[in-house]
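Colleague:
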């Protein structure tokens, strides 16, 4: 199984972000992956609640939704659509939608843990002022393998990943817009920890660089991590993509040699 990770620098222009995503997915598709992953808020990475709400779509309507379905169909891949803002009634969710190679929707995950933080000397952010939390744990099938869904701040809550592992996840995908301030110290450490404790291939795909007029910045460093915690593919400090091959026999050996899933007490 091959996975291509697409790192973007999305801004406040939705049409421009969609055009950039089309180009980047087309480049990634040249590697003949089975799964292509976009980052969190790929269609618009705004500055205010009004920005995010204005970008929202009521599925299956909306340009970002139809673009993802079209890209999956055009390139014959499963497309894990990072996340975009979904409007349902009077609520807005930070939502991943996954599309099969025929363009049909096969999974939808609404981010459970919302990023409400005040970093001393750094960023202050209230995602809950814009977004309502989801509650469902979501997996889907790709090439006969079970893939688990998470988004960004979820990475700090290992109980979600334990639940995904309990549901048979062999791969876990986490699109993100991880801040530069926290990412430089925590991004790779947390991603490797989640891979090691779940013994899954962990795929963490981030936004990169400044946005919101330079007032905010994302860490990038999108990575594919094997079940032993080693980084097997990575995008550097730039917009672009990387492709990694997942060795499922190796994952099975790791689980057999260190069978932690059979030893849980709590």
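In our numbering, the protein residues as written are 304 to 569.
Cβ atoms here follow ideal geometry from the backbone N, Cα and C, with glycine treated the same way.
Report the residue from 316, 318 and 323 whose alpha carbon sits nearest the alpha carbon of residue 544.
Modeller: 323
Colleague: When the Cα atoms are used, what is the spatial distance from residue 311 to residue 519?
Modeller: 15 Å
Colleague: Could you tell me whether the stretch 472-488 touches the stretch 511-530, using the rule of 3 or more Cβ pairs below 8 Å?
Modeller: yes
Colleague: Buried or exposed: which applies to residue 473, given that a residue is buried once 16 or more other Cβ atoms fall within 10 Å of its Cβ?
Modeller: buried
Colleague: Starting from the N-terminal side, write out each stretch of the alpha helix (DSSP H) that is 4 residues or longer and does not extend beyond the stretch 362-431.
Modeller: 366-378
Colleague: Between which two residues does the alpha helix (DSSP H) harbouring residue 321 extend?
Modeller: 317-332
Colleague: Compute the distance between the beta-carbons of residue 305 and residue 336, then report whether it is under 9 Å.
Modeller: With a cutoff of 9 Å on beta-carbon distance, residue 305 and residue 336 are scored as near each other.
Colleague: Let me check understanding here. Comparing Cα to Cα, which of 516, 539, 513 and 549 lies closest to residue 505?
Modeller: Between residue 505 and the set 516, 539, 513 and 549, the nearest pair of CA atoms involves 549.
Colleague: Name, in chain order, the residues that DSSP records as bridge partners for residue 311.
Modeller: 510
Colleague: Could you name the residues of the same chain whose beta carbon sits closer than 6 Å to that of residue 331, not counting the 5 residues immediately before and after it, in chain order?
Modeller: 307, 309, 339 and 544
Colleague: Out of 389, 378, 377 and 349, state which residue places its alpha-carbon closest to the alpha-carbon of residue 367.
Modeller: With distances taken between Cα atoms, residue 367 lies closest to 389.
Colleague: So, residue 359 versus residue 321, is the Cβ gap smaller than 9 Å?
Modeller: no
Colleague: Just the C-alpha distance for residue 537 and residue 529, rounded to the nearest angstrom, thanks.
Modeller: In this structure, the alpha-carbon of residue 537 lies about 12 Å from that of residue 529.
Colleague: May I have the straight-line CA-CA distance separating residue 319 from residue 328, to the nearest angstrom?
Modeller: 14 Å
Colleague: Taking 9 Å as the cut-off, decide whether the C-beta atoms of residue 401 and residue 387 are in contact.
Modeller: no
Colleague: Can you tell me whether DSSP reads residue 352 as helix, strand or coil?
Modeller: helix
Colleague: Shortest alpha-carbon distance to residue 433 belongs to which of 478, 558 and 394?
Modeller: If we check each option's Cα against that of residue 433, 394 comes out closest.
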